[in-house]
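A.B. asks: Position one of the sequence shown corresponds to residue 1 (UniProt numbering), numbered consecutively onward. We treat Cβ as the ideally placed atom computed from N, Cα and C, and that holds for glycine. Bear in mind the structure is a predicted one, so any value in this text is a computation, not a measurement. Pasting in a structure now, in structure tokens, and then I'll have a few things to ask.
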Amino acid sequence: MTPLAVVVGTLPLGLAFGGPSMTLMFAASGVIIWLFCVGYTQMVRRITRPGAFYNYIARGLGRPAGVGAAMIAVVGYPVGLIASFAIQAFVIQETLVALFGVTFPWQVILLAEAIIVGTLAYRRIDLNAAAVLAVVTAEVLLIGSLVVSIIADKGLGAFPAEAVSFDVLNVGQWAVAFVFAILCFQGYESGALYAPEAKRPEKTVPRALYGALIIIVGLLALTTWALTSVTGVQDQQQIVQDAGIVGFIFATVEQYLGSVGLWILSFVAILAGLACNLAIANFMSRYLQSLAAEDLLPRALAKRNKHDAPGVALLTLVISAVVVILVLSFVGIDPYTQITAVGFGIGALGATALQALASAAVVAYFLKQPASDRHWWRTLVAPALSTVLLAAALVVEISAFSWITGIEAPWTAALPWVIPIVLLGGTGFGFWIKKNRPHTYQDLAAGDTAEEAEMLRTARLARQG
């Protein structure tokens, strides 16, 4: 997610339903993801072939576990894209109402954003990267201007001590706040998926991951803290809900940055939504492409177009997301309060489960390596701590799932079980491949670089005729 997409789309939900503990939860999530990143980057430096989580888990915990993790990604990531498309269509609709007083059908907006995102993602990565960088820079400047304006108005009161004290955990639902906070790091690991396309990925990818983490945690924690000074701690949830949740951010920007600031926010918010979906579609399509190249998904998804992008996987994702949203809305499921909430809930569970498995895989992988390759902190203690903390985060997410979705129904209570069922089913599929396709099994997650992986894939296809 891009910074402004979080501030406009996800953060208001966290403030409305989680409460003023969001600042602390961003800090806590940042520590957990930092510990995860310590071990994760060690794997990135050694294994740069496509696949990221799938590769690392397979190399550390065994190929069947890697296949199980891959299936979690196949389910969780597309569901996250569905939620992202749905919420951005709603945000854009509200933005157009605020600016022009005209209500465009959200279905039309959904189709328009799908066409734009699909077209851009179908192009080369350097074009996409340039577009995303420009939008993110504008977002950071806008959010920073809002925080500075609040500080100018309130002084040190812009950062109330009450908002970062442990007493704030007694106000609202801290577990819900935590889920929305850690959700903002979903897809954070996606930088590793671009390793085959990067120069010196063993250096550039870890630097990008650490840099992104510092910016995300710092910017979102400070912004949330400052926004809490606007509402106060005790009444924050009610104030945000009364403002229409998303409308709270627009009203605050207009209050502190004026009508010009509101216009800029509205324009950049639309671009942020598109950039967010563009980034998600890019990394998800690459994930599916890498799994298809391993014969874990239909081989057609492994095809790259003339721009060297995973065109078939990309179009499959985008078209499927649009169809699912339209069908669900047709049967009466609200795209913002229900599709988005359920999608983000499942996406958060899947992402956290993958991060926990990947952290455990780091420890297991390096315990198999010579002692000279291990480091007590980077390859053992930090990833072990992140495994425990991410497992605890999973428990919190499951316990808060009904609060996240806002739907009290038996079927929503059963949804968290989707992730372990998919993991077990995928692991079973891995054992089936081992028994019935031994040559394919031996090539799963084999090779450390994209070149080695492609050589093995070519040899396997030649053997298959």
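1) For R457 and V67, what's the separation of their Cα atoms in angstroms?
2) CB L61 to CB A269, shorter than 8 Å?
3) Helix, strand or coil: which one does DSSP assign to D334?
4) Would L233 and V171 be called neighbours here (beta carbons separated by less than 8 Å)?
5) Would you kindly check if the distance between the Cβ of A272 and the Cβ of T95 is under 8 Å?
6) Please report the distance separating the alpha-carbon of D235 from that of P20.
7) Which of the three DSSP states, helix, strand or coil, is assigned to T2?
8) What separation, rounded to the nearest whole angstrom, lies between the Cα atoms of I182 and Q173?
9) What are the start and end residues of the alpha helix (DSSP H) that includes P420?
10) What is the rounded straight-line gap between the Cα of S266 and the Cα of V176?
11) Got a sec, what are the start and stop residues for the alpha helix (DSSP H) L296 sits in?
12) Kindly indicate if chain C contains any beta-carbon less than 8 Å away from that of S285.
13) Under 8 Å between the Cβ atoms of A27 and A221?
14) Closest to T340 by CA distance: which of L354, A353, A321 is it?
15) Using CA coordinates, which residue listed in L278, G332, K434, R59 is at the minimum distance from L120?
16) If we ignore side chains and look at the alpha-carbon of each, how far apart do T387 and G258 end up?
17) In angstroms, rounded to a whole number, what distance separates the CA positions of I82 and Q107?
18) Which one of F429, Q289, A86, L274 has the shortest CA to CA distance from K303?
19) Please name the residue in M455, T449, A453, E454 whose C-alpha comes closest to that of residue 467.
20) In terms of residues, what are the limits of the alpha helix (DSSP H) holding E162?
21) Closer than 8 Å by C-beta to A446: which residues in its own chain qualify, once you throw out the five before and the five after it? Chain order, please.
22) Using alpha carbons as the reference points, say which of L262, G80, F53, F330 lies closest to L354.
23) Assuming contact is defined by CB atoms lying nearer than 8 Å, are I116 and L274 in contact in what I supplied?
24) Looking at G118: is its Cβ nearer than 8 Å to the Cβ of V318?
25) Would you say K306 and P64 are within 8 Å of each other, going by their C-beta atoms?
26) Excluding sequence positions up to five away, which residues of its chain have a Cβ less than 8 Å from the Cβ of A391?
27) By Cβ distance below 7 Å, which residues in the same chain neighbour R374 in space, the five residues on each side in sequence not counted?
28) Rounded to the nearest angstrom, how far is the Cβ of A226 from that of V147, given a contact under 8 Å?
29) Please go through the same chain and pick out, in chain order, the residues whose beta-carbon is closer than 8 Å to the beta-carbon of residue 478, but skip the five residues on each side of it.
30) Tell me the start and end of each unbroken alpha helix (DSSP H) in the segment 32-70 that is at least 4 residues and wholly inside, in chain order.
31) Cβ atoms of M71 and G426: under 8 Å apart, would you say?
32) Assuming the contact rule is C-beta atoms closer than 8 Å, C164 and L219 should be a hit. Round their C-beta distance to whole Å, please.
33) Between which two residues does the alpha helix (DSSP H) harbouring V107 extend?
34) List in chain order: all unbroken beta strand (DSSP E) runs of 3+ residues lying wholly within the segment 66-104.
C.D. replies: To lay it out plainly:
1) Here residue 457 refers to the residue found at position 457 when the sequence shown is read from its first residue. Here residue 67 refers to the residue found at position 67 when the sequence shown is read from its first residue. Computed Cα separation, rounded: 17 Å.
2) Translated into the one-based positions of the sequence shown, residue 61 becomes position 61. Translated into the one-based positions of the sequence shown, residue 269 becomes position 269. Going by C-beta atoms, L61 is not nearer than 8 Å to A269.
3) The sequence position of residue 334 within the sequence shown is 334, counting from 1. Annotated three-state conformation of D334 is coil, per DSSP.
4) The residue labelled residue 233 in the question sits at position 233 within the sequence shown. The residue labelled residue 171 in the question sits at position 171 within the sequence shown. The amino acid occupying residue 233 in the given sequence is Val; Leu does not appear at that position. In contact: V233 and V171 (Cβ atoms closer than 8 Å).
5) One-based indexing of the sequence shown puts residue 95 at position 95. One-based indexing of the sequence shown puts residue 272 at position 272. Pairing T95 with A272 gives a Cβ-Cβ distance that is not under 8 Å.
6) Here residue 235 refers to the residue found at position 235 of the sequence shown. Here residue 20 refers to the residue found at position 20 of the sequence shown. If I take the Cα positions, the gap works out to 9 Å.
7) Against the sequence shown, residue 2 aligns to sequence position 2. Look at T2 here: in three-state DSSP terms it is coil, with no helix or strand label.
8) Sequence index remark: in the sequence shown, residue 182 carries index 182 (1-based). Sequence index remark: in the sequence shown, residue 173 carries index 173 (1-based). One Cα belongs to I182, the other to Q173, and the distance between them is close to 15 Å.
9) Translated into the one-based positions of the sequence shown, residue 420 becomes position 420. Judged by DSSP secondary structure, P420 falls within the alpha helix (DSSP H) whose first and last residues are 418-436.
10) Position 266 of the sequence shown, counted from the first residue, corresponds to residue 266. Position 176 of the sequence shown, counted from the first residue, corresponds to residue 176. One C-alpha to the other measures close to 27 Å.
11) Looking up residue 296 in the sequence shown gives position 296. The continuous stretches of alpha helix (DSSP H) do not include L296, and DSSP gives it neither H nor E.
12) Going by chain labels, chain C is absent from the structure shown, which holds only one protein chain.
13) Taking the sequence shown and counting its residues from 1, one reaches residue 27 at position 27. Taking the sequence shown and counting its residues from 1, one reaches residue 221 at position 221. Against a cut-off of 8 Å, the Cβ pair of A221 and A27 comes out as a contact.
14) Along the sequence shown, read from residue 1 onward, the residue named residue 340 stands at position 340. Restricting attention to L354, A353, A321, the CA atom closest to the CA of T340 is found in A321.
15) Sequence index remark: in the sequence shown, residue 120 carries index 120 (1-based). Cα-wise, what sits closest to L120 is L278.
16) Reading the sequence shown from its first residue, position 387 is the one you call residue 387. Reading the sequence shown from its first residue, position 258 is the one you call residue 258. Distance between the alpha carbons of T387 and G258: 45 Å.
17) The sequence position of residue 82 within the sequence shown is 82, counting from 1. The sequence position of residue 107 within the sequence shown is 107, counting from 1. Rounded to whole angstroms, I82 to Q107 spans 13 Å at the Cα level.
18) Counting from one through the sequence shown, the residue named residue 303 turns up at place 303. Of the candidates F429, Q289, A86, L274, the one whose C-alpha sits nearest the C-alpha of K303 is Q289.
19) With the chain running from 1 to 465 in the structure shown, residue 467 is simply not present.
20) In the sequence shown, the residue the question calls residue 162 occupies position 162. Here E162 belongs to no alpha helix (DSSP H), and DSSP marks it neither H nor E.
21) Here the question's residue 446 lines up with position 446 in the sequence shown. So the qualifying residues of the chain are E452, A453, L456.
22) Taking the sequence shown and counting its residues from 1, the one referred to as residue 354 is at position 354. Ranking the options by Cα distance to L354, first place goes to F53.
23) Counting from 1 along the sequence shown, the entry for residue 116 is found at position 116. Counting from 1 along the sequence shown, the entry for residue 274 is found at position 274. Contact annotation: I116 and L274 have beta-carbon atoms nearer than 8 Å.
24) Numbered from its first residue, the sequence shown carries residue 118 at position 118. Numbered from its first residue, the sequence shown carries residue 318 at position 318. Yes. Within cutoff.
25) Translated into positions along the sequence shown, residue 306 becomes position 306. Translated into positions along the sequence shown, residue 64 becomes position 64. The beta carbons of K306 and P64 sit no closer together than 8 Å.
26) Locating residue 391 in the sequence shown gives position 391, counting from the first residue. Hits under 8 Å: A356.
27) In the sequence shown, residue 374 corresponds to position 374, counting from 1. Contacts found: F366, L380.
28) As a working mapping, residue 226 is identified with position 226 in the sequence shown. As a working mapping, residue 147 is identified with position 147 in the sequence shown. That belief holds up - the Cβ atoms of A226 and V147 are roughly 5 Å apart, short of 8 Å.
29) No information on residue 478 is available, as it lies outside the stretch 1 to 465 that the chain covers here.
30) Whole alpha helix (DSSP H) segments, 4+ residues: 53-61.
31) Here the question's residue 426 lines up with position 426 in the sequence shown. Here the question's residue 71 lines up with position 71 in the sequence shown. One thing to note: G426 has its Cβ within 8 Å of the Cβ of M71.
32) As a first step, residue 164 must be located in the sequence shown, where it is residue number 164. As a first step, residue 219 must be located in the sequence shown, where it is residue number 219. Here residue 164 turns out to be Val, not Cys, going by the sequence shown. The beta-carbon distance between V164 and L219, rounded to whole angstroms, is 16 Å. This is too long to meet the 8 Å contact definition.
33) Residue numbering aside, residue 107 sits at position 107 when the sequence shown is read from its first letter. Note on identity: in this sequence residue 107 is Gln, with Val being the wrong assignment. Where Q107 is concerned, the enclosing alpha helix (DSSP H) stretches over 106-122.
34) Entirely contained in the segment 66-104, not one beta strand (DSSP E) run reaches 3 residues.
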